[in-house]
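Sequences listed follow chains A and B, in order. Counted from 1, the first sequence has number 134 at position 75 by this note's numbering; the numbering is strictly sequential. Counted from 1, the second sequence has number 226 at position 222 by this note's numbering; the numbering is strictly sequential. Written below as structure tokens is the structure these notes are about.
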Amino acid sequence: MPKLDLNRVPMLKQMPNLRATNFNEVALGYTAEQAQAEASRCIQCPKHPCIDGCPVGIDIPGFVKAIRDDDMPEAVRILKDKNSLPGICGRVCPQETQCEAVCTLAKRKAPIAIGRLERYVADWERANMKSVNSSVKSTPTGKRVAVVGSGPASLTAAADLAKLGHSVTMFEALHVAGGVLMYGIPEFRLPKEIVQGEVGYVTSLGIELALDSVVGRMVTVDELLSNGYQAVFLAPGAGAPMFLNIPGENLNGIYSANEFLTRVNLMKAYMFPEYDTPVKVGKRVAVIGGGNVAMDSARCALRLGADEVYIVYRRSEVEMPARREEVENAMEEGIQFKLLTNPKSFIGDESGRVKAIELYEMELGEPDESGRRRPVSKPGTEYIFKIDVAIVALGTRPNPIIPSTTKDLETTRWGTILTDEATGKTSKPGVWCGGDMATGAATVISAMGAGKRAAANIDEYLRG
Amino acid sequence: MYKILLRQDLVPNIHLFKIAAPDVAKKAQAGQFVVIRVNEKGERIPLTIADWDREEGSITIVFMEVGTTTHRLALLEAGDSIADFIGPLGLPTHIEKFGTVVCVAGGFAVATIMPIARAMRMAGNRVISIMGARNKSLIFWEGELRSVSDQLIVTTDDGSYARQGLVTEPLKELLETGEKIDRVIAIGPSIMMKFCAKTTQPFGVKTIVSLNPIMVDGTGMCGCCRVSVGGVTKFACVDGPDFDGHQVDWDLLFARQRIYLDEEKRSFEQWQSQYGTHS
């Protein structure tokens with residue numbers, strides 16, 4: 060029985076007081092020594108449950124062993140065989156609920172820090188290897204696939220399809236590729252340079268990238284199918300914000316998280332007026348929601364210079380869907396939490412600017428369909444809380460542009476596109492779907508898994 | 005990058021650009037808009053489509069110099085390019101044979117009402133157009149609008165050209181003559197659209213306005229452009245930009261358009277210190 064090393068190697072982070080004033084990356088990554096030490100803890104167990112725990116099936120023991128043996132090019136090769144976006148996944152994947160949760164050493168509360176190792180390999184490649192397209196491409200098939208969106212699902216599907224020899228065009232509505240990786244996740248969690256580097260790797264596989272292209276307006280899905288594309292993969296994201304629908308929600312200073320994060324991350328409003336897009340900084344900011352987007356919004360608001368930032372969440376701390384790590388980071392940075400609290404209305408001043416939010420308390424009742432205890436209002440607990448900026452981070456719904464302009468594309472009652480989970484097929488021949496547009500708002504890695512499955516099915520379809 | 009094929013200085017501070025954007029030109033329809041970004045650090049702004057040429061693959065936009073972005077845009081000449089050009093966005097204006105349609109344009113919106121008047125005429129409507137500007141020096145495209153209208157009334161606030169007064173005055177007169185007017189389209193500054201809608205309301209004539217809130221993406225993903233119509237929140241970029249003028253919460257629109265006045269001022273002051281005041 061090999062001696063178990065249960066000392067998980069910690070990873071350095073920027074100190075909270077300092078990092079709350081800048082947009083630089085919070086997590087600082089492993090050094091070579093740390094990576095080797097952590098990789099050496101892996102017992103290379105024969106069952107390797109970690110591989111099944113990974114939505115894209117990375118050969119985790121393989122790349123971890125390569126780090127241990129100091130064969131970094133091999134670690135890169137193994138990792139990128141299954142994952143085209145390792146620098147991104149190594150930073151934003153919730154490994155703690157996926158591969159690390161089922162790691163054999165998880166039972167001993169010391170799972171291998173697979174996410175940190177993945178990030179280490181990806182960063183090593185960026186620093187040490189020229190942009191070599193090491194994957195072997197198959198002979199061109201002569202088939203053309205249109206991929207709608209350029210976020211994680213699309214990038215993954217496009218890369219896999221290109222490697223299989225198909226001709227791929229990615230259509231992106233915004234002026235840069237990356238989708239939520241660029242506009243949603245902040246710089247301090249996912250540097251945009253890393254995103255563009257990984258997008259660059261994908262496009263280096265021979266994919267055509269059409270920016271500023273809104274499918275459903277500039278060209279419809281039906282037009283793509285009749286103008287030379289044999290298959291279409293729809294992954295435009297769940298790009299429509301959900302609002303509370305309470306009085307005063309249209310007052311100035313109330314943002315959807317999508318708008319706030321797009322201004323800050325994509326349009327770099329934190330560098331206004333050097334960059335032209337402004338955003339309201341606020342003195343006292345309330346962020347409504349408890350997921351990763353709410354944490355991101357709160358931490359951006361803090362970095363912009365708000366004096367106080369509050370998370371307002373209707374359930375309790377253990378129910379928060381955000382990654383535990385990000386909740387901890389937010390708390391360390393000084394973000395305050397108003398839990399078991401819900402908004403009732405927004406109050407404005409004479410100029411139409413929000414000046415307060417009416418809140419009331421909740422308590423936990425019976426569990427709902429998701430298994431979490433249902434929050435129940437406590438009547439008579441309303442109070443007025445002064446704020447000057449509010450960010451509504453309740454989640455997103457599917458954007459209606461594509462469903463409303465595509466014939467015979469069945470949708471579900473939530474507005475998502477009806478999709479077969481195993482294959483990505485929709486009700487419309489020649490059209491597949493994956494990512495948030497199929498599932499509702501979820502994770503980067505689950506979108507990538509959907510991209511992989513759809514690419515495999517599209518390939519099968521194209522080969523007849 | 006999208007090349008500027010042609011530049012015309014129509015009147016002081018109002019410019020016309022014809023921009024090469026074949027895919028947008030292929031699909032553009034009256035009432036739709038584009039979102040542009042002048043350069044890498046620029047903001048995204050919406051501009052209504054004034055015209056298109058599907059063969060040439062070009063879109064015509066007309067804009068007024070107001071703040072930093074439009075001033076920066078106005079420095080460009082034919083042969084220069086802008087960073088991003090996205091469209092066509094928004095739902096096209098509903099064109100149908102209604103009967104008699106009155107098209108009212110305030111200020112430089114004469115450019116954006118032109119394709120609508122043209123399409124209404126082509127659909128068999130009798131088109132009466134009203135265009136107004138503050139004074140004679142700001143009047144442009146009079147001939148263009150006349151060529152697609154059965155009747156054209158021109159107004160200037162100060163009476164320096166044609167009929168003195170605001171566009172709402174001839175509009176009211178037309179309604180009062182008892183001539184059956186089936187639809188009014190009013191486009192221009194928000195306050196002008198509000199008063200056109202107020203003018204037509206007692207007569208019960210359906211009045212379509214083209215709302216112009218602040219926008220960021222233009223595809224419905226952020227909610228910046230939210231307006232209230234009939235008490236319901238709508239996104240101007242995907243539910244509009246056309247809405248029923250009698251149902252619009254105008255005060256909300258005005259308030260939301262003012263949200264960044266301080267930031268706009270700060271940005272423009274920085275611009276002026278770099279480029280000097282516009283001559």
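Every residue gets a Cβ at the ideal spot worked out from N, C-alpha and C, and that includes glycine. Predicted model only: the values in this text are computed from it and were never measured.
Requested in this report: Excluding the 5 residues preceding and the 5 following His-234/A in the sequence, name in chain order all residues of the same chain whose CB lies nearer than 8 angstroms to its CB.
Outcome: The residue labelled residue 234/A in the question sits at position 175 within the first sequence. Around His-234/A: Leu-270, Asp-271.
Query - Stretch pair the segment 164-182 of chain A + the segment 142-149 of chain A: three plus CB contacts closer than 8 angstroms - result: yes
Query - Those residues which DSSP pairs with Gln-12/B across a bridge - result: Here residue 12/B refers to the residue found at position 8 when the second sequence is read from its first residue. For Gln-12/B, which the question treats as bridged, DSSP gives the partners Leu-20/B.
Query raised in the report: For Arg-150/B versus Ile-218/B, is the C-beta spacing smaller than 8 angstroms?
Result: Taking the first residue of the second sequence as position 1, residue 150/B is located at position 146. Taking the first residue of the second sequence as position 1, residue 218/B is located at position 214. In this structure, Ile-218/B does not lie closer than 8 angstroms to Arg-150/B by Cβ.
Query raised in the report: Excluding sequence positions up to five away, which residues of its chain have a Cβ less than 6 angstroms from the Cβ of Asp-253/B?
Result: Counting from 1 along the second sequence, the entry for residue 253/B is found at position 249. Result list for Asp-253/B: Ser-232, in chain order.
**Report entry** Touch test, the segment 417-427 of chain A against the segment 315-330 of chain A, Cβ-Cβ under 8 angstroms, three pairs minimum
**Finding:** no
Query raised in the report: Going by the CB atoms, is the gap between Glu-246/A and Ile-171/A shorter than 8 angstroms?
Result: In the first sequence, the residue the question calls residue 171/A occupies position 112. In the first sequence, the residue the question calls residue 246/A occupies position 187. Cβ distance not < 8 angstroms, so Ile-171/A and Glu-246/A don't count as in contact.
Report task. Classify Phe-82/A as buried or exposed, calling it buried when 16 or more other Cβ atoms lie within 10 Å of its own Cβ. Result -> The residue you call residue 82/A lines up with position 23 of the first sequence. Counting Cβ neighbours within 10 Å, Phe-82/A comes out buried, since at least 16 surround it.
**Report entry** Integer Cβ distance of Gly-341/A from Asp-447/A, believed to fall under 8 angstroms
**Finding:** In the first sequence, counting from the first residue as 1, residue 341/A sits at position 282. In the first sequence, counting from the first residue as 1, residue 447/A sits at position 388. Confirmed, Cβ separation roughly 5 angstroms.
Query - Short-range partners of chain A found in the segment 91-116 of chain B, where Cβ spacing is below 8 angstroms - result: Gly-91, Pro-92, Leu-93
Query raised in the report: Which residues bound the beta strand (DSSP E) around Arg-203/A?
Result: Here residue 203/A refers to the residue found at position 144 when the first sequence is read from its first residue. Per DSSP, Arg-203/A belongs to the beta strand (DSSP E) from 203-207.
Query raised in the report: Roughly how many angstroms separate the alpha carbons of Phe-258/B and Val-15/B, rounded to a whole number?
Result: One-based indexing of the second sequence puts residue 258/B at position 254. One-based indexing of the second sequence puts residue 15/B at position 11. Each residue's alpha carbon lies about 26 angstroms from the other.
Query - Buried versus exposed, by CB contacts within 10 Å (16 or more), Val-70/B - result: Here the question's residue 70/B lines up with position 66 in the second sequence. Val-70/B should be labelled exposed.
Query raised in the report: Grouping DSSP H, G and I as helix and E and B as strand, with all else coil, what is Phe-82/A?
Result: Counting from one through the first sequence, the residue named residue 82/A turns up at place 23. Correct three-state label for Phe-82/A: coil.
Requested in this report: Could you give the DSSP three-state label for Val-273/A: helix, strand or coil?
Outcome: The sequence position of residue 273/A within the first sequence is 214, counting from 1. Correct three-state label for Val-273/A: coil.
Query raised in the report: Which whole-angstrom value describes the C-beta separation of Gly-91/B and Phe-21/B, a residue pair presumed to lie in contact below a C-beta threshold of 8 angstroms?
Result: Looking up residue 91/B in the second sequence gives position 87. Looking up residue 21/B in the second sequence gives position 17. Gly-91/B to Phe-21/B, Cβ: 14 angstroms. No contact.
Query raised in the report: Given Val-368/A, which residues of its chain have a CB within under 6 angstroms of its CB, disregarding the five upstream and five downstream residues?
Result: If you number the first sequence from 1, residue 368/A lands on position 309. Counting only Cβ-Cβ distances below 6 angstroms, and skipping sequence neighbours, we find Val-344, Ala-357, Ala-360, Leu-361, Ile-394.
Query raised in the report: What first and last residue would you give for the alpha helix (DSSP H) that runs through Lys-198/B?
Result: Residue 198/B sits at position 194 when you count from the first residue of the second sequence. Its alpha helix (DSSP H) spans residues 194-204.
Query raised in the report: Starting from Gln-95/A and walking both ways along the alpha helix (DSSP H), at which residues does that stretch end?
Result: By 1-based counting over the first sequence, the position of residue 95/A is 36. Start and end: 91-100.
**Report entry** Beta-carbon spacing of Ile-347/A, Ala-415/A below 8 angstroms
**Finding:** As a working mapping, residue 347/A is identified with position 288 in the first sequence. As a working mapping, residue 415/A is identified with position 356 in the first sequence. Going by C-beta atoms, Ile-347/A is not nearer than 8 angstroms to Ala-415/A.
Query raised in the report: Leu-256/B versus chain A: which residues are under 8 angstroms apart at the beta carbon?
Result: For the purposes of this step, residue 256/B is taken as residue 252 along the second sequence, with counting starting at 1. Those within 8 angstroms of Leu-256/B in chain A are Asn-309, Gly-411.
Query raised in the report: Around the Cβ of His-98/B, are there at least 16 other Cβ atoms within 10 angstroms (buried) or fewer (exposed)?
Result: Counted from its first residue, the second sequence places residue 98/B at position 94. Classification for His-98/B: exposed.
Requested in this report: Could you tell me which of Pro-295/A, Glu-318/A, Pro-120/A sits nearest to Cys-104/A, measuring between CA atoms?
Outcome: As a working mapping, residue 104/A is identified with position 45 in the first sequence. If we check each option's Cα against that of Cys-104/A, Pro-120/A comes out closest.
Query - Integer Cβ distance of Arg-8/A from Gln-289/A, believed to fall under 8 angstroms - result: Only positions 60 to 523 of chain A appear in this structure, which leaves residue 8/A out of reach.
Query raised in the report: Under a Cβ-count criterion, where at least 16 other Cβ atoms within 10 Å of its own Cβ denotes burial, should Gly-439/A be classed as buried or exposed?
Result: The sequence position of residue 439/A within the first sequence is 380, counting from 1. Burial call: exposed.
Report task. List the residues of chain B whose Cβ lies closer than 9 angstroms to the Cβ of Thr-262/A, in chain order. Result -> Within the first sequence, the letter at position 203 stands for residue 262/A. Ordered by position in chain B, no residue passes the 9 angstroms Cβ test against Thr-262/A, which lies about 18 angstroms from the chain.
Requested in this report: May I have the straight-line CA-CA distance separating Phe-319/A from Thr-400/A, to the nearest angstrom?
Outcome: In the first sequence, residue 319/A corresponds to position 260, counting from 1. In the first sequence, residue 400/A corresponds to position 341, counting from 1. Cα to Cα, Phe-319/A sits roughly 22 angstroms from Thr-400/A.
Query raised in the report: For the beta strand (DSSP E) that contains Lys-238/B, what are its first and last residues?
Result: The count along the second sequence starts at 1 and reaches residue 238/B at position 234. Residues 236-239.
Requested in this report: Quick one: residues in its chain with C-beta nearer than 7 angstroms to the C-beta of Val-337/A, no 5 flanking neighbours on either side, listed in chain order?
Outcome: Counted from its first residue, the first sequence places residue 337/A at position 278. One point to set straight first is that residue 337/A is Pro, not Val, in the sequence displayed. Same-chain partners within the cutoff: Ala-328, Phe-331.
Query raised in the report: How do the segment 189-206 of chain B and the segment 222-237 of chain B stand: do at least 3 beta-carbon pairs fall below 8 angstroms, yes or no?
Result: no
Query raised in the report: Per DSSP, what kind of secondary structure is Tyr-329/A in: helix, strand or coil?
Result: The residue given as residue 329/A occupies position 270 in the first sequence. Correct three-state label for Tyr-329/A: helix.
**Report entry** Assigned secondary structure, Ala-109/B (DSSP; H/G/I helix, E/B strand, else coil)
**Finding:** For this step, residue 109/B is matched to residue 105 along the second sequence. Residue state, collapsed to three classes: strand.
Query raised in the report: Taking only beta-carbon atoms, is Tyr-264/B less than 8 angstroms away from chain A?
Result: By 1-based counting over the second sequence, the position of residue 264/B is 260. Yes, Tyr-264/B counts as interfacial toward chain A.
Query raised in the report: Would Met-277/A count as contacting chain B if we go by Cβ distances under 8 angstroms?
Result: Position 218 of the first sequence, counting from 1, holds the residue named residue 277/A. Closer than 8 angstroms to some Cβ of chain B, the Cβ of Met-277/A qualifies, so yes.
Query raised in the report: Within 10 angstroms of its Cβ, does Gln-12/B collect 16 or more other Cβ (buried), or is it exposed?
Result: Here residue 12/B refers to the residue found at position 8 of the second sequence. Per the 10 Å Cβ criterion, exposed.
Query raised in the report: Can you tell which of Asn-351/A, Leu-176/A, Ala-165/A, Glu-333/A has its C-alpha closest to the C-alpha of Ile-244/A?
Result: Reading the first sequence from its first residue, position 185 is the one you call residue 244/A. With distances taken between Cα atoms, Ile-244/A lies closest to Asn-351/A.
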